[in-house]
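Taking it in order: structure first as C-alpha cells, then the write-up.
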C-alpha cells in the first residue's frame, strides 16, 4: 500500500459497513479519501476518529445522493477542486428494495426499480467513466477501480422480492468485463475489479428473512 500514500481515492457508501471499513483502511495507509454518502455526519465522525489516531492520510466527507445525477456531478466537481484527480475508485453504495417483477402486491413497482437502477448501476457507471477519463487525462496508468458486487449477482438465488436488485448486480459484472476489454484495447493498464461480497449476500438473507433457499 505504500505506493498509494498521498494519492486520492473515492469511496461511495462510506458512512457505514464495507464502505466505512474501506475508507478507514485507505486513510490509515496514507491516502486522501473522499467518502461519498447521504449521511455525511457519519463520515465526518469517522474522519475525526482517524485524526485522533493520527492517521497519515485524511478522510473528506462529501454529502451526495448518488441516484441524483445533478448531485453526482457536483460531487465529482467538488472532489476535483478539493483533493484533485482520483487514482482509486471504490463503488460500494447500493440499495435493496423488495419488489415484485410481476407487480404482485404493489400497484406500481417502477419507482423502486428506478431507484435501484439509478444507484446500483447508473451511478456506478457514471463514476467509473469519469474516473477512467480523469486517470487517462493525467496519464495515470496504475489506477484501480473496485466494484463491491454480490454473489447474488453471479447466480440466481430463489429469493422472491430480490430479483430486481440481483439484476443490477448481474449487470455490474457484465459492464465490468466490458470495460476491462475496452481498457485492454486502449492499451491502458488501469485495473478494474469486482469484489463479490458475502456480507451483501448475508444482508439479502436478513432483509427477506429466508433460512432456506435454492441456488
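Numbering (this note's numbering), first residue to last: 123 to 337. Note that beta-carbon positions come from the ideal geometry of N, C-alpha and C, so glycine has one too.
By the 16-neighbour rule on beta-carbons within 10 angstroms, residue 138 is exposed. The beta-carbon separation of residue 186 and residue 175, rounded to 26 Å, does not stay under the 8 Å limit for a contact. The three-state secondary structure of residue 270, taken from DSSP, is strand. Annotated three-state conformation of residue 169 is helix, per DSSP. Judged by beta-carbon spacing, residue 150 lies beyond the 8 Å limit of residue 167, meaning their Cβ atoms are not closer than that value. The alpha-carbon of residue 315 is positioned some 7 Å away from that of residue 298. Rounded to whole angstroms, the Cβ separation of residue 133 and residue 212 is 4 Å, and the two are in contact under 8 Å. In the DSSP assignment, residue 146 falls outside any beta strand (DSSP E) and within the unbroken alpha helix (DSSP H) covering 139–150. Contact annotation, residue 217 with residue 241: C-beta distance approximately 5 Å; criterion of less than 8 Å satisfied. If only complete runs of 4 or more residues are kept, the segment 219–244 shows the alpha helix (DSSP H) at 232–239, in order along the chain. With 16 or more other Cβ atoms from the protein chains shown falling within 10 Å of its own Cβ, residue 292 counts as buried. Put simply, of 182, 190, 169, 206 the residue whose alpha carbon is nearest the alpha carbon of residue 260 is 206. Annotation for residue 289: no beta strand (DSSP E) segment contains it, though the alpha helix (DSSP H) segment containing it runs 285–307. Between the alpha carbons of residue 311 and residue 300 lies a gap of roughly 15 Å.
Assigned with DSSP and collapsed to three states, residue 201 falls in helix. Residue environment: residue 129 is assigned as buried (16 or more neighbouring CB atoms within 10 Å of its CB, all protein chains considered). Take residue 285, set aside five residues on each side of it, and the residues of its chain with a beta-carbon closer than 6 Å to its own are 223, in chain order.
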